[in-house]
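Just below is one structure, and these are the notes that go with it.
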Amino acid sequence: MIEGRNIYKSFGDKAVLEDVSVSFEPGMTNLIIGQSGSGKTVLLKSLVGLHEIDKGSIFYNDRNFTEMQRKQRKLIRQEIGMVFQGGALFTSLNIEQNVMFPLNMFTTMTTEEKRERVNFCLKRVNLENVNRLFPSELSGGMQKRVSIARAIALNPKYLFCDEPNSGLDPVTAIVIDSLIREITIEYNMVTVVNTHDMNSVMEIGDKVVFIYRGKKWWQGSRDDIFDSDNKELNDFVFASPLSKKIKKIK
Amino acid sequence: MKFLFHLGRYLKLVRTAFSRPEKSGVYFRRVVEELEILGVNSVGIVLIISFFIGAVITIQTAYNLENPFVPLYLIGLGTRDSMMLEFSSTLVGLILAGKVGSNIASEIGTMRVTEQIDALEIMGINSASYLILPKIIASVMFNPILCFLSMFVGVFGGWAAGVAAGVITSEQYVFGIQYAFIPYYIFYAQVKTVVFAFIITTVSAYQGYYVSGGALEVGRASTRAVVFSNILILFFNLLLTQMMLTK
């Protein structure tokens, strides 16, 4: 379980997160949603320690991440997998080397064992025969899948995805969503997905946290969204005329 | 205040870069890769420039020697000392700041804006150490070799041009480059080269590591890396010369 308590974060004079408290359970896809600039990426990056928070605390299974020294955090980070918005694959390495990278750094596996693990992870994300290709030779969707394969290479307990569907067509986006959901259940991971894609919310949102102007505005499941009378949430989720109609029908 | 902020952040980054590596085998491979990228790939340009500068120094010295009582072998001596004392260390340093420095800043800067550095940090890897330390080691190891090569090729270029232009005989030139040879000059040049290698890699890495934004900012960081490296090379050139050559 990941828990954030009373998180505050500002950049200069600008407060980005104000008193945000969240908790995320294992085996569920937890979504953070909100408009661009609402603070959801800052929240995600604060949870993994890429941003230092000004106030509050973050716990990974009751281990206080905020108070840990760099060395202790390192151990927690080896339990974390992260899929970045642009994939963040290492452009100078081929696909096999990318997925093998965390194995090279943190395991004592033989080359053969590592190769087996790489092939398993790539197969798990429905990619085969791409080992020798470089990231620039893959489509956006394939890069995201490689990024997921790299994230799960070390069997992480926690998976963070920062807008995994951005820049993808709707069909590929659904493939990525399904993959994240399947992996979450399969490995009983705590998965936190940052998105503003409403299809993702409806497809995989076991738990949804809505961030509005740096504050936690609403929380519930994807089914609760239809029953909610929270104005800001409805304005965001049902922004298009079509989705407004769907809400009415529901 | 801004200067102190950057100085403090630079020193902190260098300290972090010198932290104990996660896995020495991986770092060793990284050093070998960087030796090729930063060192071996610079051999060509250093040799070409050194040859022609050596040639030009010889011809210019010859045409400026108007006094018939000044022996011609001094042309060889002048070329040798110019190459050893200044060109092969300082000017090669300035050239490498342009070639290698911009390469380092743009590589690390691109990794920063495409979140590759964040990806390293999330995995629990000390990104500063993983990315910067192998570059420092490779440059500090290989640049002295480049300096030696530059000295030899520059002196050879001087001989080739001088003899071909008929301004000096081969015997006079060879005598000149052996005349009043001071081995300490080689040590002085090597010390400067090592210091300049450290400046080029760390200053350029600093510029790239803290980039925020996109391609435009990476380009600007790359330019800043070259400018600041050059200024620091010139400053430390003066400082080291004062320290090492003044009696």
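Line by line, the protein sequences give chains H and Z.
Quick note: the first sequence uses the working numbering, first residue 2, plus one each step.
Quick note: the second sequence uses the working numbering, first residue 1307, plus one each step.
A virtual CB, placed ideally from N, CA and C, is assigned to each residue, including glycine.
task: Answer with buried or exposed for GLU1340 (chain Z), where buried requires no fewer than 16 other C-beta atoms within 10 angstroms of its C-beta.
output: Residue 1340 (chain Z) sits at position 34 when you count from the first residue of the second sequence. GLU1340 (chain Z) comes out buried.
Limits of the unbroken alpha helix (DSSP H) element including LEU1400 (chain Z): By 1-based counting over the second sequence, the position of residue 1400 (chain Z) is 94. Here the alpha helix (DSSP H) through LEU1400 (chain Z) covers 1398–1402.
message: With a threshold of 6 Å on Cβ separation, who are the neighbours of MET1417 (chain Z) within its own chain once the five nearest residues in sequence on each side are excluded?
response: In the second sequence, residue 1417 (chain Z) corresponds to position 111, counting from 1. Counting only Cβ-Cβ distances below 6 Å, and skipping sequence neighbours, we find ILE1423.
message: In this structure, how does DSSP classify ALA154 (chain H) when only helix, strand and coil are distinguished?
response: Counting from one through the first sequence, the residue named residue 154 (chain H) turns up at place 153. Residue state, collapsed to three classes: coil.
query: Under three-state DSSP, which class holds VAL209 (chain H)?
result: By one-based count along the first sequence, residue 209 (chain H) stands at place 208. The answer is strand: DSSP assigns VAL209 (chain H) an E or B state.
message: Whole angstroms are fine: how far does the CA of ASN132 (chain H) sit from the CA of GLN98 (chain H)?
response: Taking the first residue of the first sequence as position 1, residue 98 (chain H) is located at position 97. Taking the first residue of the first sequence as position 1, residue 132 (chain H) is located at position 131. Computed Cα separation, rounded: 8 Å.
Assumed close pair ILE1492 (chain Z), MET1390 (chain Z) - CB separation to whole angstroms, cut-off 8 Å: As a first step, residue 1492 (chain Z) is located in the second sequence; it is residue number 186 there, counting from the start. As a first step, residue 1390 (chain Z) is located in the second sequence; it is residue number 84 there, counting from the start. That belief holds up - the Cβ atoms of ILE1492 (chain Z) and MET1390 (chain Z) are roughly 7 Å apart, short of 8 Å.
message: Tell me the rounded alpha-carbon separation between VAL1469 (chain Z) and SER1476 (chain Z).
response: For the purposes of this step, residue 1469 (chain Z) is taken as residue 163 along the second sequence, with counting starting at 1. For the purposes of this step, residue 1476 (chain Z) is taken as residue 170 along the second sequence, with counting starting at 1. Cα to Cα, VAL1469 (chain Z) sits roughly 6 Å from SER1476 (chain Z).
- prompt: Do we get a CB-CB distance below 7 Å when we pair MET190 (chain H) with the residues of chain Z?
  reply: For the purposes of this step, residue 190 (chain H) is taken as the residue at position 189 of the first sequence. Answer no: the Cβ-Cβ gap between MET190 (chain H) and chain Z never drops below 7 Å.
field: Spatially closest choice to GLN1484 (chain Z) from Z:TRP1465, Z:GLU1392, Z:GLY1382, Z:ALA1467, by CA coordinates
entry: To locate residue 1484 (chain Z), count along the second sequence from 1; it is residue 178. The candidate whose alpha carbon is nearest that of GLN1484 (chain Z) is Z:GLY1382.
query: Thinking C-alpha only, which one of Z:LEU1319, Z:LEU1310, Z:ALA1425 is nearest GLN86 (chain H)?
result: For the purposes of this step, residue 86 (chain H) is identified with residue 85 of the first sequence, where counting begins at 1. Ranking Z:LEU1319, Z:LEU1310, Z:ALA1425 by Cα distance to GLN86 (chain H) puts Z:ALA1425 first.
task: Please compile the residues from chain Z whose C-beta is within a distance smaller than 8 Å of the C-beta of GLY87 (chain H).
output: For the purposes of this step, residue 87 (chain H) is identified with residue 86 of the first sequence, where counting begins at 1. THR1420, GLU1421, listed in chain order.
- request: Using the DSSP secondary-structure output, state which residues sit across from VAL23 (chain H) in a beta bridge.
  value: Here residue 23 (chain H) refers to the residue found at position 22 when the first sequence is read from its first residue. In the DSSP output, where bridge partners are listed per residue, VAL23 (chain H) has H:GLY5.
- prompt: CB-CB under 6 Å to GLY40 (chain H), same chain, minus the five flanking residues each way: which ones, in chain order?
  reply: The count along the first sequence starts at 1 and reaches residue 40 (chain H) at position 39. VAL17, LEU18, ILE212, GLY215.
- request: Name the one or two DSSP bridge partners that TRP219 (chain H) has.
  value: If you number the first sequence from 1, residue 219 (chain H) lands on position 218. Note: TRP219 (chain H) sits in a beta bridge opposite H:PHE211.
message: Let's test the definition: count the other Cβ atoms within 10 Å of the Cβ of GLN144 (chain H) and tell me whether it reaches 16, buried, or not, exposed.
response: Along the first sequence, one-based indexing puts residue 144 (chain H) at 143. By the 10 Å Cβ count, GLN144 (chain H) comes out buried.
- prompt: Counting along the chain, where does the alpha helix (DSSP H) carrying ASN1373 (chain Z) start and finish?
  reply: Position 67 of the second sequence holds residue 1373 (chain Z). Here ASN1373 (chain Z) belongs to no alpha helix (DSSP H), and DSSP marks it neither H nor E.
message: Assuming GLY5 (chain H) and ILE59 (chain H) are in contact, meaning their beta carbons sit under 8 Å apart, how far apart are those beta carbons, in whole angstroms?
response: One-based indexing of the first sequence puts residue 5 (chain H) at position 4. One-based indexing of the first sequence puts residue 59 (chain H) at position 58. Between ILE59 (chain H) and GLY5 (chain H) the Cβ distance is about 5 Å, and since that is below 8 Å, they are a contact.
query: Mind pulling the chain Z residues with CB within less than 8 Å of VAL126 (chain H)?
result: Position 125 of the first sequence, counted from the start, is the residue given in the question as residue 126 (chain H). The contacting residues do not exist; VAL126 (chain H) stays about 17 Å from chain Z at best.
- prompt: What are the boundary residues of the beta strand (DSSP E) that includes LEU160 (chain H)?
  reply: Along the first sequence, one-based indexing puts residue 160 (chain H) at 159. Start and end: 159–163.
query: Measuring CB to CB, does ASN195 (chain H) end up less than 7 Å from ILE33 (chain H)?
result: Indexing the first sequence from 1 puts residue 195 (chain H) at position 194. Indexing the first sequence from 1 puts residue 33 (chain H) at position 32. Yes, the Cβ-Cβ distance between ASN195 (chain H) and ILE33 (chain H) is below 7 Å.
- prompt: Roughly how many whole angstroms lie between the Cα atoms of VAL202 (chain H) and VAL209 (chain H)?
  reply: In the first sequence, counting from the first residue as 1, residue 202 (chain H) sits at position 201. In the first sequence, counting from the first residue as 1, residue 209 (chain H) sits at position 208. Approximately 8 Å, taken between the alpha carbons.
- prompt: Under 7 Å Cβ-Cβ, which residues of chain Z neighbour VAL49 (chain H)?
  reply: Residue mapping note: residue 49 (chain H) aligns to position 48 of the first sequence, counting from 1. Within 7 Å Cβ-Cβ: ILE1428.
task: Select from the region 1316–1337 of chain Z all residues with a C-beta closer than 7 Å to any C-beta belonging to chain H, and list them in chain order.
output: GLU1328, LYS1329, VAL1332
message: Give me the subset of the region 1389–1420 of chain Z whose CB atoms are less than 7 Å from a CB atom of chain H, sorted by chain position.
response: THR1420
query: Hey, would you say MET2 (chain H) sits closer than 7 Å to ASN62 (chain H), going by beta carbons?
result: Residue 2 (chain H) sits at position 1 when you count from the first residue of the first sequence. Residue 62 (chain H) sits at position 61 when you count from the first residue of the first sequence. Cβ distance < 7 Å, so MET2 (chain H) and ASN62 (chain H) count as in contact.
- request: Can you have a look at PHE102 (chain H) and say buried or exposed, based on whether 16 or more other CB atoms are within 10 angstroms of its CB?
  value: For the purposes of this step, residue 102 (chain H) is identified with residue 101 of the first sequence, where counting begins at 1. Buried.
query: To the nearest angstrom, how far is it from the Cα of LEU1551 (chain Z) to the Cα of ASN1543 (chain Z)?
result: Taking the first residue of the second sequence as position 1, residue 1551 (chain Z) is located at position 245. Taking the first residue of the second sequence as position 1, residue 1543 (chain Z) is located at position 237. Taking the straight line from one Cα to the other gives about 11 Å.
- request: In angstroms with no decimal places, state the Cα-to-Cα distance between LEU104 (chain H) and LEU180 (chain H).
  value: Along the first sequence, read from residue 1 onward, the residue named residue 104 (chain H) stands at position 103. Along the first sequence, read from residue 1 onward, the residue named residue 180 (chain H) stands at position 179. Their backbone Cα atoms lie some 22 Å apart in a straight line.
- prompt: Can a CB atom of chain Z be found closer than 7 Å to the CB of MET83 (chain H)?
  reply: Position 82 of the first sequence, counted from the start, is the residue given in the question as residue 83 (chain H). It does; some Cβ of chain Z falls within 7 Å.
- request: Could you pull the start and end residues of the alpha helix (DSSP H) that ILE1506 (chain Z) belongs to?
  value: In the second sequence, residue 1506 (chain Z) corresponds to position 200, counting from 1. 1490–1515 is the span of the alpha helix (DSSP H), which, as asked, contains ILE1506 (chain Z).
Nearest neighbour of ASP178 (chain H), chosen from H:ASN189, H:ASP198, H:TYR159, H:VAL191 [CA to CA]: Your numbering for residue 178 (chain H) matches position 177 in the first sequence. Comparing Cα positions, the closest option is H:ASP198.
query: So, helix, strand or coil for ASN132 (chain H), using DSSP?
result: Position 131 of the first sequence, counted from the first residue, corresponds to residue 132 (chain H). ASN132 (chain H) falls in the coil class under three-state DSSP.
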